[in-house]
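Throughout the sequence shown, residue numbering follows our numbering, covering 1 to 229 in sequence.
By construction, the Cβ of each residue, glycine as well, lies at the ideal position given by its N, Cα and C atoms.
Here the structure is a predicted model, which means the values were calculated and not measured.
Structure first, then comments.
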Amino acid sequence: MSPTKDFETALRTGRGIKLIAEIKAASPSLGVLREGLDPVALALEYQRAGATAISVLTDEKFFHGSLSNLERVRKTVNLPLLRKDFIIDGYQLYEARVAGADAVLLIARLLDKKTLSAFLEVAGQLGLACLAEVHTEEELKKVLDTRARLIGINNRDLDTFKVDLNTTLKLLPLVPVDRIVVSESGIHNRKDVQCLEEAGVRAILVGEALVRSKDVASKIKELLKNNSK
């Protein structure tokens, strides 16, 4: 297998907030987001428009994704790729690596601290970065007690599907400055991005707003308006 691309360094390098653009055909809260979504074509649009990395949903039941989509995207683009799924078994880490992922999402609410730490260790051995996702202060404390360096703050409550950007603003001050915070969900326009950037957020993960856009390049340009290359 080829070496993985450095997902963490990509988020740390250069000026301006970094965009992880997501390939998501559907969601539990909204259903199908784009009929006949072509993951490869969308990945190429993301790469051309200036995304720093790409998140690929591989869950089939809720998001209409697949590992095959990840494999196809890997063969097409040069950006770091995040496998986004409900990872609850260590086997899925090996699966992700073989499929071409450079990073994986680990959802704190699904894993106890011991399992989370074990997955971080195995992922590190495989060359995979881990984006540890939290929604509450309790979940954040659990993650900060591990070696996780990339902290994803999900603005969506997975029980109610309610979205509130204040979730990121509330938890951000509790994160040590040497960790990278990625704000996830509910980011739709430049005003949202500006609010997060001014608070100190280093990266954003955006799916719905891009997938539903009729002009992906223009939407990314809007979100990253003041970024310097």
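Asked	Found
Reference Glu-197, options Thr-115, Leu-81, Lys-24 and Leu-19, closest by Cα	Leu-19
Member of Ala-25, Cys-195 and Arg-179 whose CA lies at the smallest distance from the CA of Val-56	Ala-25
Counted within 10 angstroms of its Cβ, other Cβ atoms place Ala-217 as buried (16 or more) or exposed	exposed
Proximity winner among Lys-141, Asp-159, Leu-165 and Ala-96, relative to Leu-174 (alpha-carbon distances)	Lys-141
Whether Leu-120 touches His-135 by CB criterion (8 Å)	no
Residues near Ile-187 by beta carbon distance below 6 Å, same chain, minus five either side	Ile-204 and Val-206
C-beta neighbour in chain B for Arg-83, strict 8 Å	As a matter of chain content, chain B is missing from the structure shown, which is built from one protein chain.
Rounded straight-line distance, which links the Cα of Val-143 to that of Ala-189	What sits at residue 189 in the sequence shown is Asn, not Ala. Approximately 29 Å between the Cα atoms of the pair.
Other residues of its chain near Phe-86: CB distance less than 8 Å, five sequence neighbours each side excluded	Asp-59, Ile-107 and Leu-110
Through-space distance from Ile-54 to Ala-43, alpha-carbon basis	7 Å
Unbroken alpha helix (DSSP H) run spanning Ala-103, endpoints	Looking at the DSSP string, Ala-103 is not in any alpha helix (DSSP H); the run it does join, the beta strand (DSSP E), is 103–107.
When Ser-2, Met-1, Val-73 and Arg-15 are compared against Ala-21, the one with the closest alpha-carbon	Val-73
Sequence ranges, beta strand (DSSP E) only - wholly within the region 122–180, length at least 3	129–134 and 150–154
Pair within 8 Å by beta-carbon distance, Lys-221 and Leu-210	no
Cut-off 8 Å between Cβ atoms - residues of its own chain near Leu-224, not counting five sequence neighbours on either side	Gly-16, Ile-17, Leu-19, Gly-50 and Val-193
Where Arg-83 falls: helix, strand or coil (DSSP)	strand
Same chain, Cβ closer than 6 Å to Ser-183, neighbours up to 5 away in sequence not counted	Ile-153, Thr-168, Leu-196, Val-201 and Ile-204
Alpha-carbon spacing of Lys-162 relative to Lys-61, whole angstroms	21 Å
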